[in-house]
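**Q**
Residue numbers (the working numbering): 55 to 474.
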């Protein structure tokens, strides 16, 4: 599916207001600006078209062509169009997902944008996700937080408070188990949910840099630091912290354990809030906390999958493309496009504001102040697809048969040597 949307040169005052003074260009832009986007679902498409419209109003001498391609088709076409007849701007994803196109010389180095004070200071939490080989290769436009969503009413019932340390996490868990409540619901029928648990246990045990080294294939799966992650995970497994038979459930199918009070919490992205609310957990019963500290002194990194814009190396109008990227990340535009009536996610600019939603506010505060810890993209985005599949199969197996750890790690290490 493919369509072209040409913005008219509208002199809309509101668009000028959204430009952000710090992002204004010092000279008029002209010529053609070609943008390829995978924002094909109705709400994201409307957001994309709105950005093009507003940016076009700011630059009436610039002709903008927006081509929207179905997301799955986009994934198969991107290498071809980056290689021949490249647009000036293209959507993609952060971290290792952009690695193949960086390595092939198909994405422009935009480190100069990240050296500008407005971007450097307000997008600091996402810089690591946009960095490969010490350079930045695009800008983010939206992300969302992961963390522990929990039954506040159950915590209140059993006299529990939000934990901040591993010892407190396990103490809370034991109290819940003593009262017949599982600590966590999870559905591992689709393997990525176990990947979330590995990410957090690894980043809290070893830090973001080791997470990156492992997903980049630079660390061995038989490393003692990996074993330490699984040792922490096994403490929860040996307690019986997770619901039974989780391999039979998707994450959605695991939610009734939480809504019916059989489990107290779930480690998940913010997209879980809507179905939990729909199932009857209002904001008096549902709350959120950041995954706890395990090893003191390790800065707390977060999983926050990030969608991005890039300038192809073969772009014809790189000045206009850079101006568009500045506009995309400006505080006012970030507030607008991530609002509830649009993307309903988190702005990447720390100077933006968020809707009056307690989970968005908590996530925004957590991620905006999180630059020391780093922002990961989730295991199956940070690792190559083949490695992610093998590893997440191992995570699921470990949750069911933890005594198989040695064989699992040996298998993962064999796969690492072959895949990388």
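Beta carbons are placed, not taken as given, at the ideal position from N, Cα and C, and that holds for glycine.
#1: I'd like the list of long-range same chain contacts for residue 333, defined as Cβ closer than 6 Å, with 5 residues on each side in sequence excluded.
#2: Drop a sphere of 10 angstroms on the beta-carbon of residue 395, count the other beta-carbons inside from all chains shown, and report buried for 16 or more, exposed for fewer.
#3: If you reduce the DSSP assignment to three classes, tell me which class residue 364 lands in.
#4: Of all the options 128, 449, 148, which has the alpha carbon lying nearest to the alpha carbon of residue 402?
#5: Can you give me the Cβ contacts of residue 339 inside the same chain, cut-off strictly under 7 Å, excluding the 5 residues immediately before and after it?
#6: Can you grab the Cα-Cα spacing for the pair residue 119 / residue 361, in whole Å?
#7: Under the assumption that residue 301 contacts residue 247 (Cβ atoms under 8 Å), give the Cβ distance between them as a whole number of angstroms.
#8: Please check the pair residue 152 and residue 192, which I expect to be a contact at CB under 8 Å, by giving their CB distance rounded to whole angstroms.
#9: At which residues does the beta strand (DSSP E) containing residue 121 begin and terminate?
#10: Thinking C-beta only, is residue 420 closer than 8 Å to residue 356?
#11: Is the region 158-174 touching the region 362-382, taking contact as three or more C-beta pairs under 8 Å?
#12: Counting Cβ pairs closer than 8 Å, one from the region 447-455 and one from the region 267-274, do we hit at least three?
#13: Residue 133: buried (16+ other C-beta within 10 angstroms of its C-beta) or exposed?
#14: Tell me the rounded alpha-carbon separation between residue 303 and residue 317.
#15: At what residues does the beta strand (DSSP E) containing residue 408 begin and finish?
#16: Please state the DSSP three-state secondary structure of residue 228.
#17: Exposed or buried, what is residue 327 when buried is set at 16 or more other beta-carbons lying within 10 Å of its beta-carbon?
#18: Give the C-beta separation of residue 348 and residue 240 to the nearest angstrom, bearing in mind that I take them to be a contact with Cβ-Cβ under 8 Å.
#19: On a Cα-Cα basis, can you pick out the residue from 256, 95, 128, 109 that is closest to residue 353?
#20: Residue range of the alpha helix (DSSP H) that residue 321 falls in?
#21: DSSP three-state label for residue 99, please.
#22: One question on the structure: do residue 253 and residue 430 come within less than 8 Å of each other, judged by their Cβ atoms?
#23: Run the CB neighbour count on residue 238, radius 10 Å, all protein chains shown included, and call it buried at 16 or more, exposed below.
#24: Use the C-beta contact count for residue 448: other C-beta atoms within 10 angstroms, 16 or more gives buried, fewer gives exposed.
#25: Identify whether residue 341 lies in helix, strand or coil by the three-state DSSP scheme.
#26: Given a threshold of 16 other Cβ atoms within 10 Å of its Cβ, counted over all protein chains shown, does residue 221 qualify as buried or as exposed?
#27: Tell me the rounded alpha-carbon separation between residue 178 and residue 409.
#28: Looking only at its chain, what residues have a beta carbon closer than 8 Å to the beta carbon of residue 392, apart from the 5 residues adjacent to it on each side?
#29: What three-state label does DSSP hand residue 470 in the structure shown?
#30: What's the gap between the Cα of residue 383 and the Cα of residue 212?
#31: Among 337, 293, 261, 465, which residue has its Cα nearest to the Cα of residue 350?
#32: Return the residue from the list 87, 457, 194 that minimises the CA-CA distance to residue 121.
#33: Using the three-state DSSP reduction, which class does residue 211 fall into: helix, strand or coil?
#34: Could you spell out the range, first to last residue, of the alpha helix (DSSP H) harbouring residue 260?
**A** The structure says:
#1: 313
#2: exposed
#3: strand
#4: 148
#5: 205, 206, 207
#6: 21 Å
#7: That belief does not hold up - the Cβ atoms of residue 301 and residue 247 are roughly 10 Å apart, past 8 Å.
#8: 7 Å
#9: 116-123
#10: yes
#11: yes
#12: no
#13: exposed
#14: 14 Å
#15: Residue 408 -> no beta strand (DSSP E), and no H or E assigned at all.
#16: helix
#17: buried
#18: With 8 Å as the limit, residue 348 and residue 240 do not qualify as a contact, their Cβ atoms being about 19 Å apart.
#19: 256
#20: Per DSSP, residue 321 belongs to no alpha helix (DSSP H); it is in the beta strand (DSSP E), 317-323.
#21: helix
#22: yes
#23: buried
#24: buried
#25: strand
#26: exposed
#27: 21 Å
#28: 196, 398, 399, 400, 401, 406, 408
#29: helix
#30: 44 Å
#31: 261
#32: 87
#33: helix
#34: 246-260
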